[in-house]
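Q:
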Amino acid sequence: MSGAQEALVGAISAHRAIAGKYKAWVRKHADIVGLRHDPVERECVLMETELGRLERAAQRRMCVGVFGASQAGKSYLISSLASKPGEQLLAKAGDRTLKFIGDINPAVSGKETTGVVTRFTSTETLEDPNYPIELSLLSEMDIAKILSNSYFSDFESDALKRVSGDEIEATLGEVALAVDAARSDRAYDLSAYLERQLHPDVYRANFAQFKPHWGRISEILEHGAVADRVRAYSLFWGRNSYFTEVFEKMISALEDLGHADRCWATPEVFDPQANVILVSALQQIWNGSGLEANIRTNSGEVRKVDHATLSALVTELKVVIKEPPADFFGTTDLLDFPGARTRSEEKAIDETVVGKALVRGKVAYLFDRYLDNRELTAMLLCVGDGPQEVGPLAGMIERWITVTHGKTPQARADQPCALFFVATKADLTFNIASRDAVNMLEDRMHSMLERFGGARSGDEAESGAASMSWVREWQPGSQFRNMYWLRNTSQPSTGILSRGEKNTPEFEETGFDTHHTEVFKALREAVTTSAKVSQHFREPDRAWNEMLELNDGGRTYLISNLQSVCHEGFKRDQLQREFAEFQQRLERLLREFHADGDAERVFKERSRAVRAALQDVRACALQQKFGEFLLMCYMSERSLKGILRQLEREDPDTGPAVVRKEDDGWDAIFDDDDEDIAEDEAPEMPKERHDVFADRVLSTWSDQLQAVLENPRVSRYLNISPENLETMFNEMREGAQRAGLADKVAQTSRDASQFPRSSERLIPHKARMASLTVNHFVNQLGYEAGELTLKDKARTPLFDRPVTPDGGVPDLPKTAEPRAVKMAQHWAWAFKNLSESNARTDDGLSGVDLAANAELGGLIQAMTDSKA
């Protein structure tokens, strides 16, 4: 590694360690963090994970991914980049040479065949010449992500089963762990993946009941025996027996291989009967392929694995190019991804479809995995002729752009573009009449770009437009302009003379057909005049001319432009930009609970943030959406009933709760004979059931606010930025804690418990009273009507309501008032006062746990010292 690379790795590693220490601090000082405990802890866990991935990525070679829909021309593009013109792509396999097309990957025309990523590289890491084929493998967590993704994405809702809280408890109750099993965060990675992949409603419906159990699930996944881990993982696909059996088969093989991340094989794994890189082998996983491969592990031991199981486990085949054709292979690897597939919705889950579902889930996951691991610095996006039919493709590309370049045009400003949009079947434009050239070219550009992702109308069109916003504005005021034409010169093209058998080294283009001169002339003029071509090609004329080059088809031009991003510095700069965002996030987290003694500065900073938030509240109210904002913050009686029933299941024998009193009369019954028992030695009373309920209510409410914050569609709809939503929710949480909202909820539970009813019959009443209490706080932020006054001329009492005289009618104004806007104004004034009261409690170091604060200050200083 270079010095700059080592410095970046060191800085990332230091920040990852700080995130881990802050996570421990948050867990230790839950009383300080309050209602923010769960979201802050989760943020620390995920940040620690992400920084670990970033650290590993900074130590690896740069990669260019070749991606697109099935049959979009990826195979030819890869062959043209990884081999010299007119030559076959040859791979080194120890002392053998294999033809990539034929010996490794069979040529199957018109069909997407591979289910693995193929890495084309110039670097060889040969451990044993008898086992020259290097394969990378899925991890246990990867397999769980694939199966859970497939379960929720490839079947109709009627085929799915929601796991209840009782089932979770029963399943986890079957597992016995060692008493000293260390705390684990393992399940949070799987939870975050599913939360990102699934629709928010689907995630909440299927995983909200997991919340009390994440810690226990994590411990089992980290420390449990194989059978116990299988039980825990099965919860993520509804405990479906078919999925669980496939999972058992795959992790049993992983266990046998020592949970290695890579292994080595002989060329026999490419046996045509069950070639492990093909989806046809993977689909045989239920019954097995009948072939076993000899696999060498990291320790040098040899194990036997069925080809179908191995095919399911392999993420990547490493192909060492015998003669690298371009200089960039000195620093860069090419990654060929399986074609993106449309997800299907099977009606039922059985052995006939589980293999196909595994293929779709794995292919979709591979892209996510490599992106999460920052293995895709640049991308060659292959787009064939006509509209793009794979719905998820647009979203996948947009996510890659967000991670590597930034979500907005402003974030992408002044950055080199590493997305190469390749129109791979440019020769199909030759099959037209000359008079149709202009319209045809415009239509094809429209199909490839504006309709990218398959959006048609309604919600789909809106979604497609959002996904393709980068096409219209890549950088501020500038459209995306990095398109290329590519033509397959290994087979005949209309209007071009050739000789030799197609798709062989003997095939050669010899010239242009004079009968097609008018068409070529018309197409060249169309390129010059087309608005869409000039918008999206940096050098339209040159790009067209390069594509027409005989026996080249635009290959040389594409490679020359690709060279500009294929170096260590480009990847390092990309990772550095992302790391800077992590630094800002971590610093915000650390400073949230740190008191530096400068109360005036803290007050001013919070006041600025509140003013910005209230500007968005005003915009939201003027668009008649403020009521919907409040509704999103309310707690429903249904969710509160769920909490109460969950508490009943956790402690069903508690019996009726007792109202606490200063002196309940029991002390007089006991005499004073036991004076030797010191008062301070009395056992600590367990937390009262009503207080446990209140704590759970406030924690769930806090999580609900966090879910609203993390849903980008909510922010766009309400016209409240995520930053301002975060400010509002943090102030509301702090205000609720300061106002004793938990005590008020607990009191409603105590009051309800005085009625002589069974616990089950009390649940609706308790839920209703708790809901009213929380939602009243949301509506008025702890202030009662008339407690504050607005600063208007009339000094209007806050949250005033029309006066209704006895036996009369309300004192209404002569003209109708915009009540919704007025309500928002009152709420905004209450929020301003709430935030000021919150800030005033942050008065320097008064009341601060000095030891905890000093520990936090040390982490902030360590982060400052380690910035790269």
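The opening residue of the sequence shown carries number 1 in my numbering; numbering runs sequentially from there.
Think of the CB as a built atom: it goes at the ideal place given N, C-alpha and C, for glycine as much as any other residue.
1) Within a Cβ cutoff of 7 Å, which residues of the same chain sit near residue 489, ignoring the five residues on either side of it in sequence?
2) Using DSSP's beta-bridge definition, name the partner residues of residue 319.
3) How is the alpha helix (DSSP H) around residue 778 delimited, first residue to last?
4) Between which two residues does the alpha helix (DSSP H) containing residue 610 stretch?
5) Please report the straight-line C-alpha distance between residue 227 and residue 165, rounded to a whole angstrom.
6) Given this structure, state the Cα-to-Cα distance separating residue 834 from residue 734, to the nearest angstrom.
7) What number of angstroms, rounded off, separates the C-alpha of residue 571 from the C-alpha of residue 396?
8) For residue 901 versus residue 127, is the C-beta distance shorter than 7 Å?
9) Could you have a look at residue 860 and say whether DSSP puts it in helix, strand or coil?
10) Run through the stretch 474-511 for me and flag every whole beta strand (DSSP E) of 3 or more residues, listed as ranges in chain order.
11) Out of curiosity, what's the CA-to-CA distance linking residue 67 and residue 633?
12) For residue 599 and residue 780, what's the separation of their Cα atoms in angstroms?
13) Quick one: what's got a C-beta closer than 8 Å to residue 365's C-beta in the same chain, skipping five residues either side?
14) Mind checking residue 426: buried by the 16 CB within 10 Å criterion, or exposed?
15) For residue 505 versus residue 88, is the C-beta spacing smaller than 7 Å?
16) Locate the beta strand (DSSP E) running through residue 62, then write down its first and last residues.
17) Under a three-way DSSP split, which group does residue 432 fall into?
18) By alpha-carbon positions, which one of 10, 593 and 287 ends up nearest to residue 56?
19) I'd like the list of long-range same chain contacts for residue 694, defined as Cβ closer than 6 Å, with 5 residues on each side in sequence excluded.
20) Following the continuous beta strand (DSSP E) through residue 380, name the residue where it begins and the one where it ends.
21) For residue 856, which residues from the same chain have a beta carbon less than 6 Å from its beta carbon, with the 5 sequence-adjacent residues on both sides left out?
22) Once DSSP output is grouped into helix, strand and coil, what is the label at residue 136?
23) Less than 7 Å between C-beta atoms, sequence neighbours within five positions excluded: which residues of the same chain meet that for residue 192?
24) Could you round the C-beta distance between residue 152 and residue 345 to whole angstroms and report it? I think they count as a contact, below 8 Å.
25) Going along the chain, which residues of its own chain have a beta-carbon closer than 7 Å to the beta-carbon of residue 678, five neighbours each way excluded?
26) Can you name the start and end residues of the beta strand (DSSP E) that residue 292 belongs to?
27) Could you tell me the distance, in whole angstroms, from the CA atom of residue 618 to the CA atom of residue 796?
28) Which residues mark the beginning and the end of the alpha helix (DSSP H) in which residue 626 is found?
29) Quick one: residues in its chain with C-beta nearer than 6 Å to the C-beta of residue 438, no 5 flanking neighbours on either side, listed in chain order?
30) With residue 333 and residue 121 assumed to form a contact (beta carbons below 8 Å), what rounded beta-carbon distance in angstroms separates them?
31) Alpha carbon to alpha carbon, how far is residue 480 from residue 434?
32) Run through the stretch 237-306 for me and flag every whole alpha helix (DSSP H) of 4 or more residues, listed as ranges in chain order.
33) I'd like the span of the alpha helix (DSSP H) that includes residue 729, first residue to last.
34) Determine the extent of the beta strand (DSSP E) in which residue 97 is found, giving its start and end residues.
35) Whole-angstrom Cβ separation of residue 285 and residue 309, contact assumed at under 8 Å?
36) Below 8 Å, can you find three or more Cβ-Cβ pairs linking the stretch 638-652 to the stretch 760-767?
A: Quick answer:
1) 509, 551, 552 and 553
2) 120
3) 759-780
4) 599-622
5) 21 Å
6) 9 Å
7) 20 Å
8) No statement about residue 901 is possible, as the shown extent of the chain runs from 1 to 868 and does not include it.
9) helix
10) 483-485 and 496-499
11) 41 Å
12) 27 Å
13) 142, 145, 146 and 149
14) buried
15) yes
16) 62-68
17) coil
18) 10
19) 742, 745 and 746
20) 378-383
21) 594
22) strand
23) 46
24) The Cβ separation is near 11 Å, so there is no contact.
25) With a pLDDT of only 45 at residue 678, under the threshold of 50, the placement of this residue in the model should not be trusted; the figure read from the coordinates follows. Counting only Cβ-Cβ distances below 7 Å, and skipping sequence neighbours, we find nothing.
26) 292-296
27) 19 Å
28) 626-633
29) 526
30) 4 Å
31) 28 Å
32) 241-256 and 279-282
33) 722-738
34) 96-99
35) 6 Å
36) yes
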